[in-house]
Structure formats: structure tokens, C-alpha cells
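Enquirer: My questions will all concern the structure given below.
Protein chains: 8
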Amino acid sequence: MHQNKLEEILAAVSEKRLSVEDARKSLANLFSEDVGFAHVDHHRSLRKGFPEVIFGESKSAEVIVAIMERMLAQEDVVLVTRVSPDKAQTVRARFPEAVYDADCGALTVEKKPLPDQGRGEIAVVCAGTSDISVAKEAAVTARIMGNSVATVFDVGVAGLHRLFAHDAVIARATVIVVAAGMEGALPSVVAGMYPKPVIAVPTSVGYGASFGGLAALLGMLNSCASNVAVVNIDNGFGAGYMAAMINRKQ
Amino acid sequence: MHQNKLEEILAAVSEKRLSVEDARKSLANLFSEDVGFAHVDHHRSLRKGFPEVIFGESKSAEVIVAIMERMLAQEDVVLVTRVSPDKAQTVRARFPEAVYDADCGALTVEKKPLPDQGRGEIAVVCAGTSDISVAKEAAVTARIMGNSVATVFDVGVAGLHRLFAHDAVIARATVIVVAAGMEGALPSVVAGMYPKPVIAVPTSVGYGASFGGLAALLGMLNSCASNVAVVNIDNGFGAGYMAAMINRKQ
Amino acid sequence: MHQNKLEEILAAVSEKRLSVEDARKSLANLFSEDVGFAHVDHHRSLRKGFPEVIFGESKSAEVIVAIMERMLAQEDVVLVTRVSPDKAQTVRARFPEAVYDADCGALTVEKKPLPDQGRGEIAVVCAGTSDISVAKEAAVTARIMGNSVATVFDVGVAGLHRLFAHDAVIARATVIVVAAGMEGALPSVVAGMYPKPVIAVPTSVGYGASFGGLAALLGMLNSCASNVAVVNIDNGFGAGYMAAMINRKQ
Amino acid sequence: MHQNKLEEILAAVSEKRLSVEDARKSLANLFSEDVGFAHVDHHRSLRKGFPEVIFGESKSAEVIVAIMERMLAQEDVVLVTRVSPDKAQTVRARFPEAVYDADCGALTVEKKPLPDQGRGEIAVVCAGTSDISVAKEAAVTARIMGNSVATVFDVGVAGLHRLFAHDAVIARATVIVVAAGMEGALPSVVAGMYPKPVIAVPTSVGYGASFGGLAALLGMLNSCASNVAVVNIDNGFGAGYMAAMINRKQ
Amino acid sequence: MHQNKLEEILAAVSEKRLSVEDARKSLANLFSEDVGFAHVDHHRSLRKGFPEVIFGESKSAEVIVAIMERMLAQEDVVLVTRVSPDKAQTVRARFPEAVYDADCGALTVEKKPLPDQGRGEIAVVCAGTSDISVAKEAAVTARIMGNSVATVFDVGVAGLHRLFAHDAVIARATVIVVAAGMEGALPSVVAGMYPKPVIAVPTSVGYGASFGGLAALLGMLNSCASNVAVVNIDNGFGAGYMAAMINRKQ
Amino acid sequence: MHQNKLEEILAAVSEKRLSVEDARKSLANLFSEDVGFAHVDHHRSLRKGFPEVIFGESKSAEVIVAIMERMLAQEDVVLVTRVSPDKAQTVRARFPEAVYDADCGALTVEKKPLPDQGRGEIAVVCAGTSDISVAKEAAVTARIMGNSVATVFDVGVAGLHRLFAHDAVIARATVIVVAAGMEGALPSVVAGMYPKPVIAVPTSVGYGASFGGLAALLGMLNSCASNVAVVNIDNGFGAGYMAAMINRKQ
Amino acid sequence: MHQNKLEEILAAVSEKRLSVEDARKSLANLFSEDVGFAHVDHHRSLRKGFPEVIFGESKSAEVIVAIMERMLAQEDVVLVTRVSPDKAQTVRARFPEAVYDADCGALTVEKKPLPDQGRGEIAVVCAGTSDISVAKEAAVTARIMGNSVATVFDVGVAGLHRLFAHDAVIARATVIVVAAGMEGALPSVVAGMYPKPVIAVPTSVGYGASFGGLAALLGMLNSCASNVAVVNIDNGFGAGYMAAMINRKQ
Amino acid sequence: MHQNKLEEILAAVSEKRLSVEDARKSLANLFSEDVGFAHVDHHRSLRKGFPEVIFGESKSAEVIVAIMERMLAQEDVVLVTRVSPDKAQTVRARFPEAVYDADCGALTVEKKPLPDQGRGEIAVVCAGTSDISVAKEAAVTARIMGNSVATVFDVGVAGLHRLFAHDAVIARATVIVVAAGMEGALPSVVAGMYPKPVIAVPTSVGYGASFGGLAALLGMLNSCASNVAVVNIDNGFGAGYMAAMINRKQ
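Protein chains in written order, with our numbering: chain Z, -3 to 246; chain L, -3 to 246; chain S, -3 to 246; chain G, -3 to 246; chain E, -3 to 246; chain F, -3 to 246; chain X, -3 to 246; chain W, -3 to 246.
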């Protein structure tokens, strides 16, 4: 806890500038504020410079609308992840200004875009066309959190020339998000080429011995490049969020 | 590949300022330099602003000495990881200026310390006393790569007041490395409290159903806080390296 | 087997107060009574001070009604777990006095509530909103078994201030049930704060490397707090039952 | 946090009975005391009515002696778990009053035994002779925490008459700890016979498809009896600790 | 290969009683007959004293009817396993004499029952009501293969008195099949009580950490009773078949 | 990179026969051609003597038609794998010349068959009738890549005489593909009999402890015959492709 | 429990031929005798026609000698499994008549051989030379339990002609034990050729993806032949015991 | 079986050119020869153009010498794999002409080298220096089987320029063996660049979540390049053997 604020409150009590009851409340708030930046349920209450986020997958369109109404009363920017097309239609009937990304199911409302929060650009790279939905979720998340994002899709390791063709874009990024399924080898290759922090997202793309993304996950955790850290399978949101954290001006 | 350099070389050939043979060599180098920043075998050849790193675990003291001699001929800073105490003794007989960290087995030589590479401070936090060796490896790695590092050890989730006591140190960090074994819950708690990128390192501390760190690894991958990314079990080196990448001035 | 009853029966036979045939039957009953407290199929025949319990998931509404009719002929209290809303409607058409908890699918009939069986209060805590169904099953089970139950929901480790806000409720409990999915870290934190027996219930909430609750299960088994014991994934019924056993007056 | 104490401190500050500096310290202590009951590193600092506990496995005899000296300065009772025979000899040379249990490696010092903390007796049951070390660790832990403990060893499910022979002892217990390796079936059988809370401890006894205790662990988690909760493989200390928590007078 | 037949054929060739061409065919047949007892695709062509068996799960009613027509042309007894109720209806429209077991989906036709093949009786025991379908498949299979079968259902280890009540039936069996899900402990208990070969069938009954029957499977493989051997999860057919093999008169 | 071509381009630049801009483009192409043989997304762009391949499973009929139209503009042969019957109908309405294999869902168009690419014949063998779809995918793939293919189906290890009956066909093959589910033993037996390279394909045929083909996969990886290499579960396409690579004239 | 004996005792009490006290004792014995056939700790107390068995692996030579002395006082035959050569030497110094099988570490004493217990011969087959120790343990166990045993070693599936060469021996057996490591395919092949009960023993022979025998275990559980049941990895004792049970005259 | 030989034998019998007894023997041999090419125990009896192979790991130096003596009596070439340096010394004392490869422990004797068996050259590639032992085993095996072998070591995916530097060597190979540990990504990259059959060997190099080579194994099985097939972890022998099979002239 912030020593300064604590002593300040106590001094105010001591000097009768603050009642005991009010001090008790302030102390409670003080603590809450300390940890108040936390976000809940993976997506909720990203406050202070970040947009509000709703995890849409397990919520009905009606519930999503209700939460959005409450949030938009006090927030400029709202992100809803994993919204199916039909739910999106219902939500957009209520919020026509909402933008829907059909690739990843993200729904965004920007009453006023967030100011640029980033030190530089974030690159989001993916291996195959089937990984695009996860990559798009990362890109949308990072963008709405106030970052400039460049995307490079379908550049898997079985045809490296495709990756090399996008060298300039990737080389200038501050952080690189790499999504890949199957053997999950792309993050190692990218991290070997660029001395930047790489956030690797295994995807569940694959079949048989991919075991729902486990093969890609293990591959990324065992990367022979050291500038790689990994998030959960298919967690595009988390990768975009982490990249935004890293890219953030301090 | 850098378009500019490529065209420059070709223009020089065209203008006869460069022979075909020399151009061929330059093109080869150009490509190598592009990806030359890569480090090999987890530890080797971290060039351009980073120290040289040797993975000591599977190498004899004699081999380590031999590699160090070659490296120190052209490098200012060398890091050898996972050196046992008896090997360390042999190495230090040859390089008395080498500093040995008995907690994590890292051995460092700094002919001239690297200039400060970081935007801010890196905090390295660990849950139990048994996690200290992994945390120290992260700290030594980040420090020798030119970063200011603060450590907060033994602040596991079963006694959160210990963590809160170090609030000021953690709150001011740019990046936070968190090492934990057993259930691996500390990164979630830390990431919930501080809006900073958290690099989580599962450790193999535990027994029975910890399955050599698997329980901690899965816990961290499933963190309910989104500002968490994970490296391999016991990979303190990788965590420190990744943190240095994130903290790096651009 | 109860020595006393056995000798009593034998004495009665010896003294011709009991026929050989009746003695044979009594001995059979004696044994059965000994182990007769057992409940079958996870839910069946919780006799002697506990309500009857029916596992509703794999049974049709008609079968549930038939079993309830038979049970209510001799029991004051019946609990049916995991009843879908449409089955619940059918059942309540027959038993309008039945109370349905839509969150967890528990259906209860109390002709006459059980007398208070508990030494104190049971607290049921859960990490996220998605864990509420499991937590409610635990709460309903413990309550219908004659316990006073307090619930504290949505207090995950990524925002600990929420947990601290409910300190008074949790602190006074005799036993604490904690349900959590994803990394399953909440039981460790709660058990670290309160010197009470904590029954941890991993939930299948999560995706990717949560592997259907396995990550949470392993996390809880490896808790760095020792006052934690674990039940099966999503087994809210078992957690509530175990808590009732612990809280029971003797 | 305790509202009363908080308001009391604030009132004292307001009334100048307490300086701001002292109040700051008191508030820090207040919080620490709140969660201070936690024990660290599985074994450390079990305060307030519980003995001090040291996890001996990874510590040298010298370190154990040093910690014991510090602890015994202010504690009446100390428990050191998993001490090898040769380390025990060194420790007992310094503390001749220490009692060593060669079966489980527990070393205890009781300057003055703890007063009886239990509501009743704890029964510790194990399946085979190879499970005795784990069962003894549970028994020693529960006993030193101020409980009366009865042990019933070598009563596996392949010869149930052996279990039945100990009916009286088990039937009178308040809590039952059951340790078993291989298929881990004993807790189900015991829990089916006795309506008491059963703490199941899987042991790593077995080979082949027992996978280091995994088979027993899964068996116990899937118990068809509901009054069973499970601790980590070979975690006799945790089982005894949990049983003591449950048996504790409030 | 049968030496006698081989020499007989060769002698016949030598003596011109058999042409080279016919001898070549005979030798081919000789070999086929040698291994011809094999059954294919788990269920096909159980010849020589066993009925024909069809694995119905992945076949349409039309295909089942077609195969049955062909088989019944030359066989007295046919067994079709895992037939859904609606497929069964279609099949029975064509073969009204077919008997359908709705519990396990087995469909049998006996133009003329097989003569008794067994040395004694086979007992089929199961733990819970949900295991009955697997147990019934074992029973139907064993019965149609010419065995006398006794069934004892719903006698799980959490209420052992139920098992003891059926002592006489189980005690007289030559072979015992035991099906159980969840922790799969019943085969150990039964094998401990009766010195008979026990064929254990794990079932997929359970949830969470039962992992589709894996917990029961591992439990049975680690049985502390040695007269237990195990078949695949839910493989009632295999258990009944194996029991029939064991019970077979030679 | 091809030294010759590189020097040739540079010489042309030096001699002004090639502009700097054209040289830059040529160098880019040069590199691409180097790795240009790669195929992307498991199925895409198999150039230079191989047909084009489309992975149909996750694509709509409309998308498949669109891609086929573009491909057939410049290719003689196209293969679409894993097309459902209804999608196939739509595709064939547009391309009546397309041939559909209902067993494995492969759809092929051959404007002009590829010339024979093989050194010899490829044999595709499978264990049970349920493995035929995977085996057919391998056979269709190898055939369309310009190979002569012989198929031997339903020759599982439980009836080896069936395998022996096809000796002549298998013995003359250059490469053998063997598909098997359940215990996956057939590749070992085949590889033991024929000194040829065997490509083993585990299939997901089975239930219970087959764990979706894992049992067969592990069996094949542990083959006691050394002339066996393995592809992913159900990956008939990959097996046929690999066999074609091996059989290819050089 | 035996109805007859129970009524007999009760009648004796009723008729004063038996005192209440004696009747109580008899009833206790009655129950114990009922289940007394069980063997404990995998190896102990195989009474009534079977030899005594001691699991030697975790016992010192001294303990083994002590138990043997006690056992041989009342038993004709004793089996000690898994005795290392040096322990065997110590034991044989005390019991020179003991026979030691160095292949599997079994040590046997036969004061007087058990009479033949078997209906026929047991065949023990193994795949490779490394599987011989497990196969020998099965053979020694079955033999000492009063069975005629034939062994066929080193007949793995990669060279089937070796298996065929032993056709006569295997064909005449009543039960077949098959031990195999690596892919564990031999039981399927044997069971496909011979319509006999096959007890499959996976061995831990192998490396890499054999995962300590898991590959062989899964292969055997998924056998496409139905006359196969499986025991634990390396459990030669259990396989021999089970085979003896099956072969036993009734 | 070979029809021709069979009819030939029968004709000879018919024409009295062959006695019945000799015909019986010939038929037995015929069959054995058919399958006689098989090699047993992973390494034994690779006849007809391949050298004899002995798996040295579990054999004493004396046993190895004894087997070699027997083999060299009739073979020109012998390969012993996995021989430790001290065993190698003993063996070479007896066979001074034996060549020992200290990197992989292979010991070879060539009385007369095998004639060239290959269609072209085999390339053996590995990712890191720690993978060299496995790669060398593959290379030695392929070479002694009569192949020309080129090796390219230490070209992992984190520094692709190293791989590109060896383009010419790899491009001209008929078959490519690729060994890699950690994430096992190299085979995908190589197979994407070269349209040749790639035999991938996962190695156990790595730690933590590499799980003894499992991560690399899964990565290779899920390769996005289709010209990849996989052998067991660390199975350099098998990879070299398979490559020799593929490269073999027919």
C-alpha cells in the first residue's frame, strides 16, 4: 500500500480534518485502488486507459446488450470478444455504431478512440489461414487498447520465403505476437530472426496428435529462441493484451 | 531483407565500385546479419549489445574455460549458466575475476559492464525459498544484459501480507518476472495487482501431483489475469532474457 | 460389528427368546445397519439425519418423479441434483412444493426442514461468475443437510480486494468450500488467510490448457497451504456433502 | 479486516492517544495478523496453538539445527518432517530430547505438550505395509497438533475382514485419514462404512501403471462415496494437518 | 502348421493321389485353417462352436439386416452388439425371432441354441446402475456363447453389505466378470473375497477426473488382488468373450 | 541459394545487361524459387510435377469451387481432400469431370493425367474395414501424384492368413503404406516380412483406451521393426504424399 | 456368508451345545474364513492349495529369511519374488534347498511339491530377449502353484516364422501368457491364432515413446482379438497367478 | 508365399525328385525365407545385403565380444550400437580393427565394406550440438548399410542462415534425416524447402515441458509439411535404417 497516502489519511484524522468513519472508508478505498487495476473473469473491468472488455462466448445477446448499456454510460470504448454472428446482429440492432469482426467474433464500440498508448507498433503474425481468427482477436484487442497494429498472415514455416517477404513490417515492430497451430514452430523462427519480445499463441488448429493445441503449446514452451513467452491455447485476447502491456508508454 | 542495403550493393556492382565476387559475399553477409541476432542452443551468441552466454550444465569445466577464453578475446561480458560449484572452482582458477552465484550456478565475467539498456527496473519475484535458484538465474541474466533488477523472494500466496509488504518495489517495475512451483498461483495474484507485463516461470518445486512442474505450468497458462505470459519450467534464463527484451530501450 | 448387539442376539437365541430363523435375519440386518449409512451411486440413500438424494442428470423427468414419490412416502427432505429446466418443470407440475435452483439445477422438497445439524456456519466461496453453478450445488447440498450456509461469489485471485471485502463472512465459518476453475488458485489464498478446513472444488471452467478442469485440479492438489483437501472436478455436491460431514455436531 | 480494531486505531489517532507513526505500524500489523495464521512453504510458521513445522527433506542437518534453535527459543513444540536417519542423528546430538519416528522421518520436540485441541479422536488407516510411512507422518502431525490419534495399518481391500476387525476404533473417530497406494480403493470402502469426513492420501506405492501414485489419486477423486476429500500424493503431513483442522475445537 | 496333415498331403502328391494344383490349394487351405479361428474386427467370424458376431454401432440397419441374412444361411446363432433402439426395430421387422436387450443394445437370434459349452457358471457383477449396460453386454455375449450366466448388479464398494448379500451366487461361479466405473474398486474387493479368475471391465461412467474411464482402468490394473485381468474401457463384449474362453470345456 | 544463378545475376548487373531494379526482383524470385517447392497448409501449392491440393474439410462448397476454378486455369490435376458428400455434389455440378471417392471424401480432377512419376508400385494396406477411409485417402493421393497403387484392405493381425494371401502384391511394392487403428500392430508385422520402407498411419478407429488413435500411434512409434516411420493420426494424405516422395524417380 | 454354517451355529446356541461367547467367536471366524482366501500386499497369504508368496523387492535379506522361517514352519511351498542376486545368496546360505531363478529373481522352496492343480498346460510366450525376466516370473509363479508350464521365448512379431515354429506347444495349452514390450503386438497375433484365453503382460522394455511400458499396455488393451485380458506393466507374477487361477481344476 | 517355388517343390515331389521328408523341410524353409528378412530385437539379423547389428546398451562387453565372434565368422560387416567408452575399449582389445564413434557409441567392423547400395546420397541434419549423438547414430547406420552420407550439424531454426549455408549439400540428397530436440521444428523447415522424403527423429534434448522428447515428437507428427515421417525419440538407428531402405537400389 502507498505509504504516503496512508500517512496522509492518518494525519488528517489526527488533525480532525477527517472523521473516523470517513477515514475507515478511505482506507478501504485506498486498498481497493491499489489492486483496482485488476481485470476480472479474463475480460472485465480493464480500467484506466484500457477499454472495458466483455467475454461474449457464454453470454446471451440480451445479457451482452445489458452489460454494454451499463458500460457505455461511463466508458468511451468497449470490447466484446467471441460473439457469434447471430448474437452480433442482435447487439448491432441496439448499437448500430458497433463494429463486428466476423473473423474472430470481436465486437467493438468506440465513442471516442483511445489515445495512442504505444511506444511503437505491434506486429501480429500467423502461420496458416486457419490461425487467422486467433490472430485477429489479438490484433483487435491490441488496437482497441490504443496501439498501432500490423498483421502478417499465412506465413508458416513450410514456406519461409513468405515470411521473408514481410521482413520490413515485422522488423520495425516493438512486440511481435505469433499465432500458430499444428507443430507451432513459427514463433521460434520469428524470434530467431528478430531481437524483439515474441508472444506466442498456440492455436487448436490441427487434428490427431495435435491434441487440441497441446503439440503447438509444448513446441512454443520449448522454443530454442529465448525471446519467446507463451499464452494459453487460442488465447488471442490474452496475447493482444500482453502485447499492449509491453508496448505501453510508461 | 533490408531493401536499402540490397539496392546499395547492386548499385555498387552496377557502377563497378564492387566486384561480382565481393558482392556475392556481401549479399551472403547481408542475409546472415539480418538473422544474426539470433542466439543458438538457448544460450549461444547473443550478439550486439547482449553478453555472450554459455549453457554450462552439460559441459565440462575444461570446455567452459576453452569457450570463455575464445569469447573473452572479443567480448566484454560473458554469462555461463548452470555451473556446478566444483566446475565453478576450476573455472575461477583460470578467471579469478569471474563472479559465481552459488544459488543458481551462474558465472559471470564483466571486463566492462554493459551500459544500461533498460527503460526501467525489472522486478524478480518468487513464491518460496525453493524457487530462489530459478529466480536468481532470471535476475542474473537480466542484470548482465544491462538492466537494473530488484528481487522479492519468498512471498507465496499462502501468506499474502508478505507480498503486500513489498508493494513499492514491485509497483515501480517496468516488467515483473514471477517464479513459483507447486500450484503456481503467484503470477495471477501479482498480475491482478499490477498493470505490467508479467513473465511467469513455473518451477519444478513440488512432489506427487506436481508432476515436475506441470501443475504450476498449467496454472500459469490458465491465469485469470491477462497480463501473464509463460516460459518453460525452471527456465529462469529465458524469463530474464525475455524481461530484458521487454525492458529494452529502442 | 457392534459386539453388544451381537451378544444380545446370541443370548436371546440361547434363551429361546429368539428363533434361529429370526436370529439369522437379525444378524443380516445387523451387518447391513453397520454399513447402511453408505450412500449409493454418489447420491442415493443418505439416511439417518441426511436427506435423500437423487442424481438427476441421466434420469428422465418421469423416473425422477417416480423415485421422488417413493422417497417422499417416508422422508421429510429430498434433494435431486443436476435437473435441467425442462425436467424441473415436469417434476414441479407433480410436486408444486419443490424448489428449483436454476443456477445449479438442484431441486429440493422439504416437507419439514431438517433440524440444524451444524456446529457453525459453512462458507461457500467461488472465483468467477462461471463457477457459480458448482458453488450453488455445494451450498444447496450443505443447506438441505441442515447447515447454515453463507455464499461469497466472484472473488477471484486477480482482484483480491473483492475477497478481502468479505472477510467477516468467511472468517466466522467452521468450514470453507472454495470453487474455482482456470488456474484454481483461490483455495490456496483462502486457506492461507483462514485457519479453517478448506474443501476445494476444481471446476471445468476454462479452455485450451485447462484440459477440462485438470489445471485447476492439479493446482489445488499442490496447494502451498496445508488446510486444503480436494474433491472431483465440478463436484459441488461432494464438496457440500463433505463440508456438512465436517460441520456436523457429534 | 477486523472493522472493530480498525475503527479503534483510528479513534485513538483521532483522540491523539496514538501517533500517526504508531498508527501506521499498527495498521500494518493488523493486516499481517489477519493473514498471519498462514503457514509458509508448506510447513513454516504454523502459529497460534499449532506447533512450528520445518520441512526437512531439502535441508542439511546443520540448517535444521539452526532453525530449531531459533524456533525453540519461543515455541513449546517443533515438528521437522522428512528427516533421514543420519540427519536425525546429528540433530539429536544437539537436541537429545527430540523424538525421531524412523518410519516416516518425523522429528519432534515437545518442551511442553500442546493442550488437547481436538473435539474427538482422529483415526489414521492405511492399506498396505508400504503405506505406513505416509500414514505415520499423518499420525505424528495430527498428534503434535494436540490431537488424540488411533492408527489401523495394513487393512487393504483385498482382505476386508482385516478392516472389519478394527470397526470399533474407526467407528468412534471424528475424522478418518486413509492412506493407500496401488488402486487406492480403501477410502471409498471406509467412507461407505462410516459417516465421517474421510481425508484420502494417495501414496506412490506401486509400479507400472500406478504412474507414481496417479492411479490411486484418480481413484480417490472418483470415489463413489461423497464423504471423501483428497490431498496430494504421499502428503501425509497435509492429511494430518487437515484432519487436525477438522477435529479442532472452535 | 499341423505336421501330420502336411506330410499327408505331400505323400498324396508323391503317390499321385493328389495333383500338384490341388495340393497347392490344400496347402493354402491348411494354413488358413490353422489360424482360421481368429475373429475379425472384434466381432466377425467367431467360428467353430461360437456364434457369429456383428459390431452394430457403425452399421446401418440395412447393412445389419444384409449381413444377418447371409450369416443365418449357415449359422444357428448370431449376435449383433451395440444396436440402437430404432435400428433394432428395423432389424426385428425382418427377423421377428430376434431378441433385443434394450439395456446394452445386443440383438440375438438363436435358430437353435448352442449346446452348453461351459465348465460352470459365469457371474457378471457391476458396481452401479450406470454400469448395467456394459455388464449386460458381457452377460449376453457369454450366454449366447453357450454359458450359464448369473448377474449381480448395483453392489458398489460404498455399500459392501449389498455385495455380501449375493455371496452364494458369486461364490459358485467359475469365472467372475466385474464392471465398474468411477474409481473402479469393485474388482479388487471381489477378487480378494473369491479365489476365481476375475475379468475386470472399466466403464466410462463418471465425470471430471474419471477422464472417460481412465481412472477406473488404472485402478483395475493396479489391483492389490492378483486374480484380476483387465479389458478395454466399456468392452463388455470382450469381457464376456474372455469369460466364455476361460469357462470353456476343453 | 544457387551460387551460379546469383553470380550470373550479379554479372549481368555489372555488365549493365540487367538494371538494379530488375536485379532486385530477380534476387527476390531466386530466393523464393529455392524454397518455392514448399506446400502450405498441408495441402496447398504442390508445384512442379505434383498436383494442386486443397484441404476441403473446413471450406464451404462455394469456396472449394472458387479455388478450383482458379487452379484449373493453370494446372492439369487438382486434388481436394475431405469433402463431404453434399459438398461434393455441389462441386460436381460445376465440374462434372470431377471424380469423387465416397470412402475417403477425396475429389479429383485430371484434365490430363500426370505422367508416371514412380520407380515402382506403392502398396496401401489396412487392418480393418474401419481403416479403409484413411487408406483410400493415401491411395488416391499417391495415385494422383503419378504413382501406380495397389490396395490390400482388411488384413488385421488377428487373422494373419488374410495378410499372407496377398503376399505377391505387397512383396513387389517399392513402398508400403500401412493404416491401422486399435493396437496398431500391423505395420510391425508387415515391416518384419518385407524389407521395404513402411509408412505407418495410425487411425482413430477404436474406443476407450485407444484415446483417439494414441494407442495405435505409440504402438507404431515403438515398432520392433526398424523400417517403419510414422505420420499423424488419420493422416492418409500425408502417408500417400510421403510414399510418393519415396517412390519418385529422381 | 454361508447360510448353512450360520444356521448351524445359531442352532447349536439355541440347543445350548454352544456358549454365547464361543458362538460370537465362531461367527467372527466364519466371516474371516469367508474372505480369508484373499492374498494381501500382492503376494501375502495365498492359502488353501497355493504356496505362500513374499514380495522381495523392498525387503532386506534378513527380513526375507525371517518371514521364510515363520512360513516354512507350516507351509510346504514358499515363493519369494524379485530377489536380487546378493540377497539371494544370503537367503540360500540359510536355506540351501532354495532354488534361485537368476533371470527373474524368483526364489522358491518346495519341501514337498504341490500336487498338480491344473486342467492342462500353461504356455508362457514372450516377444524379445529383454522380456524374458517378466516371462520367467510368470512361469515360475504358475509352476510353483502346481501347474505344468511350457515356455516359448523370443518370438516377436517382426519375425513371425519364429512363432509359427512353436505352434504345437502353444496350440495344446489351456491358457497362454504373452509378455511383450515396445509396441506390445504379440498378444493380438497369438490370440488371433489360438482360441484360448490369453493373459497379456506389457513390459517396460523400450525407450522414448514407450513411456515405461505405456505403449505396450495401451496396445494390449486395444487388441483386435477379444480373447485377451491385461495385467499391470511388468507384472509377471500377476500373469502367472491369473493363469493358474484359470487353469485350476474345480 | 512364392507360388512358383511352392509349385516347383510340389512338382518335384510328384515326380519323385524330392522325398516327402525333404519336401516338408523345404516348405518350412520356404516360409521362413519369406519372412526371414525381418530383423529381431530392433537390431538383430539384418540379413541379405545389410550388416549384422547388435544393440549394445544392455549387454556386457563380454557378451558383445561373444556375439561378434559368432557373427564375424560369416558376416563381412557388423554394427554394434550404444556401446559405452569402457565397453568399447574391452571390445577393441579383442577386435583391434573395430572402429568406435565416441559421439554416438557405435562400433563397426568392416572385413570388407558393403558395396554401394544407394540410389543417391543421404543427408543427416541436426538442430543443436546436443542432437549430434542421435544424428551420428543415424549416419553411421546408413553408411555401414552401404550408403554415401553427408552430415550437416547445428543448424537449428533460431538461426536459419546456418541452414541456408548448407543448401547445396542438402539439396542433392535422395533422403534427408533430421534430428531435433526441444520444439522439434527443424524437420518442418527442411521439408518445406526440399521436395524429398524427410525422416524426422525427435531427441530427448530439452528439459521441463519437453517431457523427455515428447514435445519434439508431437511437433514432428504435426508438421505442416507433408513429406515428413517420424521415428521414435532418440532412435537414430531407426532413422538411418529407414533412410537406407528408402535410398536402396531395387
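Note that beta-carbon positions come from the ideal geometry of N, C-alpha and C, so glycine has one too. Model, not experiment: these values are computed from the prediction.
What are the partner residues of L103 of chain S, as DSSP defines its beta bridges?
Expert: L103 of chain S pairs with S:V76 and S:Y96.
Enquirer: Among the residues of its own chain, which have a CB less than 6 Å from the CB of G101 of chain L, if the five just before and after it don't count?
Expert: R78 and V79
Enquirer: Can you tell me the Cα-Cα spacing of P193 of chain X and C220 of chain X, whole angstroms?
Expert: 14 Å
Enquirer: Which of the residues in the region 202 to 219 of chain L, read from start to end, lie with their CB under 8 Å from any CB of chain S?
Expert: G202, G204, A205, S206, F207, L210, A211, A212, L214, G215, M216, L217, N218 and S219
Enquirer: Please identify, using Cβ separations under 8 Å, the residues of the region 141 to 153 of chain G that lie next to chain E, in order along the chain.
Expert: G152 and V153
Enquirer: Expressed to the nearest angstrom, what Euclidean distance is found between the alpha-carbon atoms of A225 of chain X and E117 of chain X?
Expert: 19 Å
Enquirer: Can you pull the chain L residues whose beta carbon is under 8 Å from the beta carbon of A247 of chain Z, in chain order?
Expert: Since the displayed chain Z opens at -3 and closes at 246, residue 247 of chain Z lies outside it and no answer follows.
Enquirer: Classify D72 of chain F as buried or exposed, calling it buried when 16 or more other Cβ atoms lie within 10 Å of its own Cβ.
Expert: exposed
Enquirer: Counting only C-beta atoms, is D230 of chain L closer than 8 Å to chain W at any point?
Expert: yes
Enquirer: Report the rounded CA-to-CA distance for Y237 of chain W versus I50 of chain W, giving the unit in angstroms.
Expert: 13 Å
Enquirer: Less than 8 Å between CB atoms is the rule here; does S54 of chain F satisfy it with respect to chain L?
Expert: no
Enquirer: Just the Cα atoms here: how many angstroms apart are S41 of chain Z and A187 of chain L?
Expert: Residue confidence for S41 of chain Z is low, a pLDDT of 38 falling below 50, so the modelled location carries little weight; the figure read from the coordinates is stated next. About 14 Å.
Enquirer: Counting only beta-carbon atoms, is L6 of chain F nearer than 8 Å to chain L?
Expert: Residue contact check for L6 of chain F against chain L: a CB pair falls below 8 Å.
Enquirer: Buried or exposed: where does K83 of chain F fall if 16 or more other Cβ atoms within 10 Å of its Cβ makes it buried?
Expert: buried
Enquirer: Name the DSSP bridge partner or partners of T147 of chain L?
Expert: L:V120
Enquirer: Have a look at D163 of chain W and E17 of chain E and give me their C-alpha separation to the nearest angstrom.
Expert: 58 Å
Enquirer: Between the region 169 to 178 of chain Z and the region 176 to 190 of chain F, are three or more C-beta pairs nearer than 8 Å?
Expert: no
Enquirer: Work out the CA separation of M64 of chain E and Q70 of chain E for me, nearest whole Å.
Expert: 10 Å
Enquirer: Which residue's Cα is closest to the Cα of T137 of chain S: S:F207, S:A161 and S:L103?
Expert: S:L103
Enquirer: Tell me which residues share the same chain as S129 of chain L and place their Cβ nearer than 6 Å to its Cβ, disregarding the 5 neighbours each side in the sequence.
Expert: Contacts found: D99 and C100.
Enquirer: Are any of the Cβ atoms in chain E nearer than 8 Å to that of K245 of chain W?
Expert: Output row for K245 of chain W: interface = no.
Enquirer: List the residues of chain G whose Cβ lies closer than 9 Å to the Cβ of A161 of chain E, in chain order.
Expert: Around A161 of chain E, no beta-carbon contact reaches into chain G at under 9 Å, the shortest distance being about 15 Å.
Enquirer: Is any beta-carbon of chain W found at less than 8 Å from that of K12 of chain E?
Expert: At a cut-off of 8 Å between beta carbons, K12 of chain E contacts chain W.
Enquirer: Name the two residues that bound the continuous beta strand (DSSP E) containing A176 of chain L.
Expert: Membership of A176 of chain L in the beta strand (DSSP E) is indicated by the continuous run V171 to A176.
Enquirer: Since A134 of chain E and A239 of chain E are thought to touch, with beta carbons under 8 Å apart, how far apart are those beta carbons, to the nearest angstrom?
Expert: 7 Å
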